[in-house]
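Engineer: The working numbering puts the first residue of the sequence shown at 160, with every later residue one more than the last.
Yeah, the Cβ is synthetic: ideal placement off N, Cα and C, and Gly gets one too.
Here it is, the structure in full.
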Amino acid sequence: MFTYIKDKRSATGICLIALYNFVFLGTEYFFDNVCARFVGEHQVVTAQNTVLGISAIGFIVYGLLYRYLGNTLMRVLESVLCAGVIVLLGMLNVLQGYSSVLICGCLMFLFLGVFGAKICYCASTRLPNLRYMSRNIGFGYALGILLQFLNNNAVQGDMSQSIVLACGMVILFALSLFSEKLPEVVYTNEHREMKSVKMAMLMLVVVTALMTLIFSTLDNAVTLVHASGDFDIGQWPRLLLALSGIVAGILYDIKERKYMPYIMYIVTIISVGSMVILQLGGSFLYGLLIFYISAGFFVVFFMTAFMQISYYTSMPRLWAGLGRGVNNGCGCLTTVVSLALLGRESPILVLMVALVLFAFISLCMIGYHIWGAIYELDEATSEKESVNSDAEKENRVIVFGRKYNLTEREVECLEAIVSMDCPVSEIAGYLAISRAALYRHIANMNQKTGTKDRKELIRLCYEKNQK
160 MFTYIKDKRS
170 ATGICLIALY
180 NFVFLGTEYF
190 FDNVCARFVG
200 EHQVVTAQNT
210 VLGISAIGFI
220 VYGLLYRYLG
230 NTLMRVLESV
240 LCAGVIVLLG
250 MLNVLQGYSS
260 VLICGCLMFL
270 FLGVFGAKIC
280 YCASTRLPNL
290 RYMSRNIGFG
300 YALGILLQFL
310 NNNAVQGDMS
320 QSIVLACGMV
330 ILFALSLFSE
340 KLPEVVYTNE
350 HREMKSVKMA
360 MLMLVVVTAL
370 MTLIFSTLDN
380 AVTLVHASGD
390 FDIGQWPRLL
400 LALSGIVAGI
410 LYDIKERKYM
420 PYIMYIVTII
430 SVGSMVILQL
440 GGSFLYGLLI
450 FYISAGFFVV
460 FFMTAFMQIS
470 YYTSMPRLWA
480 GLGRGVNNGC
490 GCLTTVVSLA
500 LLGRESPILV
510 LMVALVLFAF
520 ISLCMIGYHI
530 WGAIYELDEA
540 TSEKESVNSD
550 AEKENRVIVF
560 GRKYNLTERE
570 VECLEAIVSM
580 DCPVSEIAGY
590 LAISRAALYR
600 HIANMNQKTG
610 TKDRKELIRL
620 CYEKNQK
């Protein structure tokens, strides 16, 4: 089952996704519980969606901050954000008032949004094998849900849970620093200016936003019951989120995600059934089970779609995490409407709204073949990506090495050179050799291939792999 986890990059990407989902979702659950001490369930839902909307700002501004601040200053900012989240988690335990809790939550989720965008980008560049991208994301999401479940049920007391979340934040920050030392997946810019890609990006944002309207309403319905004290949504049914994340990843990866949109569309229809069940006064547990199953599919869907399309944009640091940003932002904007619908207890009205949303979603899918466009981009990328992926059975760098009689060590050096966009000193450190030794290997490869320097060697390797 885990044969697609081939190297440190894939394992690191999975751990990044798992830890971030644990910290983000665990903090959201903790924040809801603190708010419930001071206000009723409707205000808890409003507060939850407000802080999620604030986090969307963080997801959006990260790419801009990195562009203008650069790597060094961003490293300092990320350290400050990590410390800020830890301090604010501690403050939530001692604040005595709804207004102060809400302000604290807004700041905390703004920081989590900025940091989350960085984690999504790091994960996208450490999941080099597009063939198994959804499975890796699904497994990471499931692991994060499992960690949250254990924290909610095995750790007693708000203070203890906040300490665990703070420790998770520290580990996440340390892992993000470690991930930066691993080689990134390198993609060419050939497809970045394609008109179809830009349209695919637009349609992806629209479809995710429309689906969010449905899932946000469901989430609000569930949170209302939890905040009222009638049912604790942190109990065993939440494990279905983990299971659905794994199943979604496996199903989505069939034919390299060719059928992913259709699977997601069916799941969306089923989720509306959950909404109607809740509105008709049916069993809350049944509605909750359907919601958890469909929610896992939705999260893996938008994380996969936005990460894979980020490879073709001029701002991958923005687009890799934009799926979560769109989801959180639209969820916040629809709070008033969704609460009004839920308050009316009119299943016919809810169904009519859902049908209108389905119509728009269908138009986006049919009007422009977004999923076909993304699938074609996946196929094009697979040719480029195989040079950088350790997970391919037939590594094309090895084929290149055989052609020019390179030694095993020279092939290892060449793999690092073509996959790492960084100075020679960092490449040498990754290979655990001196700079002088690496230069000797490069010189030997130049002599065997008839090239003059490292850049010409890389260019020749790409040219041979394209034939």
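Return the CA-CA distance between Thr171 and Leu331, expressed in angstroms with no decimal places.
Structural biologist: By one-based count along the sequence shown, residue 171 stands at place 12. By one-based count along the sequence shown, residue 331 stands at place 172. Their Cα atoms are separated by approximately 11 Å.
Engineer: What is the DSSP secondary structure of Met423, reduced to helix, strand or coil?
Structural biologist: The residue labelled residue 423 in the question sits at position 264 within the sequence shown. Note: Met423 maps to helix in three-state DSSP.
Engineer: List the whole-angstrom C-beta distance separating Asp612 from Asn603, where the pair is believed to meet the contact cut-off of C-beta under 8 Å.
Structural biologist: Mapped onto the sequence shown, residue 612 falls at position 453. Mapped onto the sequence shown, residue 603 falls at position 444. Actually they are not in contact, since the Cβ atoms of Asp612 and Asn603 sit about 13 Å apart, beyond 8 Å.
Engineer: What does a CB cutoff of less than 7 Å around Gly482 pick up in its chain, not counting 5 residues either side in sequence?
Structural biologist: Your numbering for residue 482 matches position 323 in the sequence shown. The residues are Thr367, Phe461, Met462, Ala464 and Phe465.
Engineer: Alpha carbon to alpha carbon, how far is Val204 from Ala242? Give it in angstroms, no decimals.
Structural biologist: Sequence index remark: in the sequence shown, residue 242 carries index 83 (1-based). Sequence index remark: in the sequence shown, residue 204 carries index 45 (1-based). So the two alpha carbons sit approximately 27 Å from each other.
Engineer: Expressed to the nearest angstrom, what Euclidean distance is found between the alpha-carbon atoms of Phe197 and Met250?
Structural biologist: Reading the sequence shown from its first residue, position 38 is the one you call residue 197. Reading the sequence shown from its first residue, position 91 is the one you call residue 250. Rounded to whole angstroms, Phe197 to Met250 spans 15 Å at the Cα level.
Engineer: Considering only the beta carbon of each residue, do Gly222 and Met474 sit closer than 7 Å?
Structural biologist: Position 63 of the sequence shown, counted from the start, is the residue given in the question as residue 222. Position 315 of the sequence shown, counted from the start, is the residue given in the question as residue 474. Going by C-beta atoms, Gly222 is nearer than 7 Å to Met474.
Engineer: Can you give me the C-alpha to C-alpha distance between Val210 and Leu590, rounded to a whole angstrom?
Structural biologist: As a position in the sequence shown, residue 210 is number 51, starting the count at 1. As a position in the sequence shown, residue 590 is number 431, starting the count at 1. Rounded to the nearest angstrom, the two C-alpha atoms are 44 Å apart.
Engineer: Excluding the 5 residues preceding and the 5 following Leu113 in the sequence, name in chain order all residues of the same chain whose CB lies nearer than 6 Å to its CB.
Structural biologist: Because the chain in this structure spans residues 160 to 626, residue 113 falls outside the shown range and cannot be described.
Engineer: Determine, using beta-carbon pairs with one atom in the stretch 445 to 454 and one in the stretch 323 to 330, whether at least three such pairs fall under 8 Å.
Structural biologist: No, because fewer than three Cβ pairs between the stretch 445 to 454 and the stretch 323 to 330 fall closer than 8 Å, the two stretches do not touch.
Engineer: Hey, how far is the Cα of Val253 from the Cα of Ala325?
Structural biologist: Looking up residue 253 in the sequence shown gives position 94. Looking up residue 325 in the sequence shown gives position 166. Those two C-alpha atoms are separated by around 16 Å.
Engineer: So, Gly297 versus Gly408, is the Cβ gap smaller than 7 Å?
Structural biologist: Numbered from 1 along the sequence shown, position 138 holds the residue referred to as residue 297. Numbered from 1 along the sequence shown, position 249 holds the residue referred to as residue 408. Their beta carbons are under 7 Å apart, which means Gly297 touches Gly408 by this criterion.
Engineer: Which residue from Tyr471, Phe270, Leu178 and Glu339 puts its Cα closest to that of Ile586?
Structural biologist: Mapped onto the sequence shown, residue 586 falls at position 427. That would be Glu339, whose Cα lies nearest to the Cα of Ile586.
Engineer: From Gly217 to Leu269, what distance separates their C-alpha atoms?
Structural biologist: Against the sequence shown, residue 217 aligns to sequence position 58. Against the sequence shown, residue 269 aligns to sequence position 110. One C-alpha to the other measures close to 5 Å.
Engineer: Report all residues from its chain with a CB closer than 7 Å to the CB of Arg294; omit the five preceding and five following residues, and keep chain order.
Structural biologist: In the sequence shown, the residue the question calls residue 294 occupies position 135. Contacts found: Tyr163, Gly408, Ile409 and Asp412.
Engineer: Where does Cys491 sit, in a helix, a strand or coil, going by DSSP?
Structural biologist: Residue numbering aside, residue 491 sits at position 332 when the sequence shown is read from its first letter. Here Cys491 sits in helix by DSSP.
Engineer: Can you tell me the Cα-Cα spacing of Asp317 and Val558, whole angstroms?
Structural biologist: The residue labelled residue 317 in the question sits at position 158 within the sequence shown. The residue labelled residue 558 in the question sits at position 399 within the sequence shown. In a straight line, the C-alpha of Asp317 is about 56 Å away from that of Val558.
Engineer: What residues in its chain sit with their C-beta under 6 Å from that of Gln257, if we drop five residues either side in the sequence?
Structural biologist: By 1-based counting over the sequence shown, the position of residue 257 is 98. Checking the displayed sequence, the identity of residue 257 turns out to be Tyr instead of Gln. Excluding residues within five positions, the ones whose Cβ falls inside 6 Å are Phe197 and Val198.
Engineer: What's the gap between the Cα of Ser375 and the Cα of Ala215?
Structural biologist: Taking the first residue of the sequence shown as 1, we reach residue 375 at position 216. Taking the first residue of the sequence shown as 1, we reach residue 215 at position 56. Distance between the alpha carbons of Ser375 and Ala215 is about 14 Å.
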